[in-house]
Amino acid sequence: MDNVIEMKKIVKSFFIGSPNELHVLKGIDITIKKGEFVSIVGQSGSGKSTLMNIIGALDRPTSGEYKLDDANLNELNEDDLSDIRNQKIGFVFQTFNLIPRSNAIRNVEVPMLYNGINSSKRISRAKELLSMVGMGDRMNHLPNELSGGQKQRVAIARSMANNPSIILADEPTGALDTQTGRMVMDIFHKLHKEEKKTIVLITHNAELADETERVITIKDGEIIN
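This is the structure:
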């Protein structure tokens with residue numbers, strides 16, 4: 009199996025006024041293979057959100073090497089990183105991050121719009137993805153007309169818009185009740201098994217983590233397993 013994510017000696021420090029320096033990540037080594045379903049677990053303050061931002065090319069490490077699909081992200085400029093975020097990574101957030109005044113179809117279309125895909129193809133793909141996550145009958149609804157679970161399903165459909173190689177899900181069930189969270193996790197399992205997606209789940213929930221193929225535990229900025 010090919011490695012889709014390779015991190016070596018990743019350090020992230022924040023300067024909060026000389027001589028104070030906050031070391032959030034302290035030499036992280038992670039390898040994730042193509043098609044794996046992996047969870048990254050840690051308590052609040054463990055560094056998992058900072059790690060997620062680096063995996064998602066939303067932030068750069070202070071030092072260390074990060075390769076994603078064999079591209080060395082250290083060597084890329086901001087435009088290149090933006091292209092990688094749009095084309096190779098599908099993001100799913102705890103707070104859904106949907107555009108309030110746009111219906112479900114329009115929300116799913118957004119990543120494709122940035123990718124230069126024409127309108128008819130965008131709409132067709134958005135409808136296909138919304139049907140896949142069980143939202144075929146809610147395509148024209150605005151976010152405020154949807155439940156939390158329905159919003160998250162729209163967000164998952166949006167994350168798949170450009171057929172990325174990686175789905176990065178940050179506490180995707182955190183704002184949902186247990187039953188709805190179960191439904192969302194079932195969709196991730198479906199994407200993993202049927203679409204062969206590499207999925208990285210960031211969570212503090214040990215039960216959810218146990219559903220994944222491998223659990224990476226981070227504590228005080230270090231991997232402990």
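Using our numbering, you'd call the opening residue of the sequence shown number 9 and step up by one each time. Idealized CB from N, CA, C, for every residue including glycine.
Three-state secondary structure assigned by DSSP to residue i
i	result
Glu-29	strand
Arg-109	coil
Ala-177	strand
Glu-219	coil
Leu-150	coil
Val-141	coil
Asn-80	strand
Asp-67	coil
Leu-121	helix
Own chain partners of residue i with C-beta closer than 6 Å, once the 5 adjacent residues on each side are dropped
i	result
Ile-113	Ala-134 and Met-147
Glu-117	Arg-130 and Ala-134
Val-208	Val-46 and Leu-176
Ser-52	none
Glu-29	Ser-21 and Phe-23
Euclidean distance between Cα positions of residue i and residue j
i	j	result
Ile-92	Ala-65	8 Å
Phe-104	Lys-159	6 Å
Ser-132	Ser-139	11 Å
Ile-136	Gln-102	The sequence given here places Glu at residue 136; Ile does not occur at that position. When rounded, the distance between both Cα atoms is 23 Å.
Leu-59	Phe-196	21 Å
Asp-218	Glu-179	14 Å
Ile-36	Asn-61	14 Å
Val-32	Pro-69	10 Å
Val-100	Lys-16	25 Å
Lys-75	Thr-186	35 Å
Same chain, Cβ closer than 8 Å to residue i, five either side skipped, listed in chain order
i	result
Asn-111	Met-147, Asn-148, His-149 and Leu-150
Ile-224	Ile-38, Val-46, Ser-47, Ile-48, Val-49, Ile-231 and Asn-233
Buried or exposed by the 16-neighbour rule on C-beta atoms within 10 Å, applied to residue i
i	result
Ser-54	buried
Thr-39	exposed
Ser-155	exposed
Gly-157	buried
Residue of the options minimising C-alpha distance to residue i
i	options	result
Gly-142	Lys-34, Asp-194, Lys-205 and Asn-85	Asp-194
Lys-198	Glu-44, Met-15, Ser-57 and Pro-69	Glu-44
Asn-170	Ile-226, Asn-152, Ser-127 and Ile-97	Ile-97
Ala-79	Leu-89, Thr-70 and Ile-107	Leu-89
Ser-106	Ser-167, Gly-72, Asp-145 and Ser-57	Checking the sequence, you will find Leu at residue 106 rather than Ser. Per the Cα distances, Ser-167.
Beta-carbon contacts of residue i that lie in its chain and below 7 Å, excluding the five residues immediately before and after
i	result
Tyr-122	Asn-94
Ile-63	Ile-13, Leu-176 and Val-208
Ala-214	Val-49
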